[in-house]
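Participant:
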Amino acid sequence: MLSIVEEALLVKLYYKNSESTIAALRAYRYMKGMRDSKGPIASSALKKMMKKFEDTGSFASRQRSGRLSTAAAVATTVEQTVQSMSAVAAHGERSAREVSRQTGVSYGSVWKALRITLKRYSYKLQHKQKLKPPDFDSRRGFANLVFNKMEEQHHLRRGLYGTLSVEVHYSCHYQMSVQQKLRRRPQQPTVLRLFPDQTFQSFALSRFYRHWSTEEFLYLPKFTDRRTYP
1 MLSIVEEALL VKLYYKNSES TIAALRAYRY MKGMRDSKGP IASSALKKMM KKFEDTGSFA
61 SRQRSGRLST AAAVATTVEQ TVQSMSAVAA HGERSAREVS RQTGVSYGSV WKALRITLKR
121 YSYKLQHKQK LKPPDFDSRR GFANLVFNKM EEQHHLRRGL YGTLSVEVHY SCHYQMSVQQ
181 KLRRRPQQPT VLRLFPDQTF QSFALSRFYR HWSTEEFLYL PKFTDRRTYP
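Counting from 1, one number per residue, gives the positions in the sequence shown under the UniProt record's numbering.
(1) For N144 and V78, I'd like the C-alpha separation in whole angstroms.
(2) Since I believe L9 is in contact with Y28 (beta carbons under 8 Å), could you give me their beta-carbon distance rounded to a whole number of angstroms?
(3) In three-state DSSP terms, what is M150?
(4) Enumerate, from N- to C-terminal direction, the unbroken alpha helix (DSSP H) stretches of 4 or more residues contained entirely within the region 24-80.
(5) Taking C-alpha atoms, which residue in E7, R97, I116 lies nearest to Y107?
(6) Just how far apart, CA to CA, sit L25 and M49?
(7) So, are the CB atoms of V74 and V99 less than 8 Å apart?
(8) Buried or exposed for V110, going by 16 or more other Cβ atoms inside 10 Å?
(9) Give me the Cα-Cα distance between T56 and I4, rounded to the nearest whole angstrom.
(10) Using CA coordinates, which residue listed in Y121, E19, T76, S18 is at the minimum distance from T103?
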């Protein structure tokens, strides 16, 4: 795109060379030291530019009648709605679908206005539980409660074994999802085998204490088998 100075130079050369676009472009390339026989614009483009200059006396775009473009109008509406939502929200978060509901504009138009016109990109807040030192006693109490229930009701042990084994085995040793693994072997669920010196209680406690241990998975077994425990 030509600058104002370059456009003014082309106008000067155009009238200096008897209003010939080809001669004006040739003289411009000679002054700028351009070896290429083409450029900076085509002869037809220079002719249109000179016609516009003679009609308006300027190279600026003419003022258009009618309403603004749809993209500009939607971007203005979306930006105002986003600012009002940010002032009300607790953490300043906004939702494109909520903006679409409030403004009556389609979700696709809102997304284009946010992403292309306003240069705003989406993000997702994910809330995590923050463990505090007092939580250690509560988690240990819950573990002891589970053990007492298992002693009273023996059928809970099978379900707890399967839950812990599926959680640990599929999340730590494979990148494949749990659903894909269970579809592949639906008849015999994978169950963890404990070390000889490791009891079920120590293994279960490690699942509750692993947030405080220096090694994230302190008691995780290195191998698995497909046997089900009674």
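Where is the CB? At the ideal position from N, CA and C, for every residue including glycine.
Facilitator: According to the structure data:
(1) As a first step, residue 144 must be located in the sequence shown, where it is residue number 144. As a first step, residue 78 must be located in the sequence shown, where it is residue number 78. Cα to Cα, the separation comes out at about 54 Å.
(2) Translated into positions along the sequence shown, residue 28 becomes position 28. Translated into positions along the sequence shown, residue 9 becomes position 9. Yes, they are in contact, since the Cβ atoms of Y28 and L9 sit about 7 Å apart, within 8 Å.
(3) Counting from one through the sequence shown, the residue named residue 150 turns up at place 150. Note: M150 maps to helix in three-state DSSP.
(4) 43-56
(5) Counting from 1 along the sequence shown, the entry for residue 107 is found at position 107. Per the Cα distances, R97.
(6) The residue labelled residue 25 in the question sits at position 25 within the sequence shown. The residue labelled residue 49 in the question sits at position 49 within the sequence shown. So the alpha carbons of these two residues sit roughly 13 Å apart.
(7) Numbered from 1 along the sequence shown, position 74 holds the residue referred to as residue 74. Numbered from 1 along the sequence shown, position 99 holds the residue referred to as residue 99. Cβ distance not < 8 Å, so V74 and V99 don't count as in contact.
(8) As a position in the sequence shown, residue 110 is number 110, starting the count at 1. So V110 counts as buried.
(9) For this step, residue 56 is matched to residue 56 along the sequence shown. For this step, residue 4 is matched to residue 4 along the sequence shown. Near 15 Å, if we compare the C-alpha coordinates of I4 and T56.
(10) Residue 103 sits at position 103 when you count from the first residue of the sequence shown. Closest option to T103, Cα to Cα, is T76.
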